[in-house]
Amino acid sequence: MRGFDLTPYRRSTVGFDRLFDLIENNARLQQGDNYPPFNIERLSEDRYRVTLAVAGFRSDELEITAQQNLLQVSGRKEETQATDRAKFVHVGIANRSFERRFELADFVRVETADLADGLLTIELVREVPEAMKPKKIAINGGQLVEIGKDRDAA
Numbered sequence: 001m002r003g004f005d006l007t008p009y010r011r012s013t014v015g016f017d018r019l020f021d022l023i024e025n026n027a028r029l030q031q032g033d034n035y036p037p038f039n040i041e042r043l044s045e046d047r048y049r050v051t052l053a054v055a056g057f058r059s060d061e062l063e064i065t066a067q068q069n070l071l072q073v074s075g076r077k078e079e080t081q082a083t084d085r086a087k088f089v090h091v092g093i094a095n096r097s098f099e100r101r102f103e104l105a106d107f108v109r110v111e112t113a114d115l116a117d118g119l120l121t122i123e124l125v126r127e128v129p130e131a132m133k134p135k136k137i138a139i140n141g142g143q144l145v146e147i148g149k150d151r152d153a154a
């Protein structure tokens with residue numbers, strides 16, 4: 001994303017400000033910290049699954065918060081005592097706290113969350129309200145009606 005200028009697109013589009021802001025913010029926030037690793041799957045047109053590898057975390061150490069257009073997953077581990085750390089010869093399973101954020105499209109909500117075998121699976125569904133769905137508009141007959149006159153009088 002370095003060196004990619006969105007200005008020409010901002011000038012020629014209307015209503016995409018949020019999308020461009022997300023792209024620019026995401027490019028700025030790329031810090032290389034990919035913990036915990038995750039997958040995002042598209043299951044169907046309106047269903048998604050986010051899977052995070054959270055080995056070593058219990059369900060009471062994880063928190064999922066869904067707000068409008070934002071899904072936040074965090075894990076909190078208590079600091080291990082120095083005496084407990086001394087028992088390990090090698091520590092390869094990350095045991096640190098984390099916070100991972102996912103920007104959600106409009107009308108996407110969390111349906112379920114499940115923790116099994118070290119994987120946190122979050123099911124998402126997009127539900128567009130009926131009022132926001134496209135509608136066919138009927139075109140009235142070929143007669144023009146002047147304002148203030150009845151159709152029958154014309």
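Residue 63 in full-length UniProt numbering sits at position 63 of the sequence shown; the count goes up by one each step and never skips.
Yeah, the Cβ is synthetic: ideal placement off N, Cα and C, and Gly gets one too.
Note that the coordinates shown come from a computational prediction; the quantities given were computed from them, not determined experimentally.
Expressed to the nearest angstrom, what Euclidean distance is found between the alpha-carbon atoms of residue i and residue j?
i    : j    : result
D17  : T51  : 29 Å
N34  : L104 : 19 Å
D114 : I64  : 11 Å
T7   : S44  : 33 Å
I23  : G141 : 47 Å
Which residues in the same chain have their Cβ closer than 6 Å to the Cβ of residue i, if we skip the five residues on either side of it in sequence?
i    : result
E127 : F107
Is it buried or exposed for residue i, if we count other Cβ within 10 angstroms and need 16 for buried?
i    : result
Y48  : buried
F57  : buried
I137 : exposed
Excluding the five sequence neighbours on either side, which residues of its own chain have a C-beta within less than 8 Å of the C-beta of residue i, listed in chain order?
i   : result
V54 : P36, L62, G75, L115, G118, L119, L120
S59 : L115
How is the alpha helix (DSSP H) around residue i delimited, first residue to last?
i   : result
Y48 : Careful: Y48 lies outside any alpha helix (DSSP H), inside the beta strand (DSSP E) at 47-53.
S12 : 7-12
List the endpoints of the continuous beta strand (DSSP E) containing residue i.
i   : result
I64 : 62-67
S44 : 38-44
Who are the Cβ neighbours of residue i in its own chain at under 7 Å, not counting the five residues just before and after it?
i   : result
L70 : R101, E103, L104
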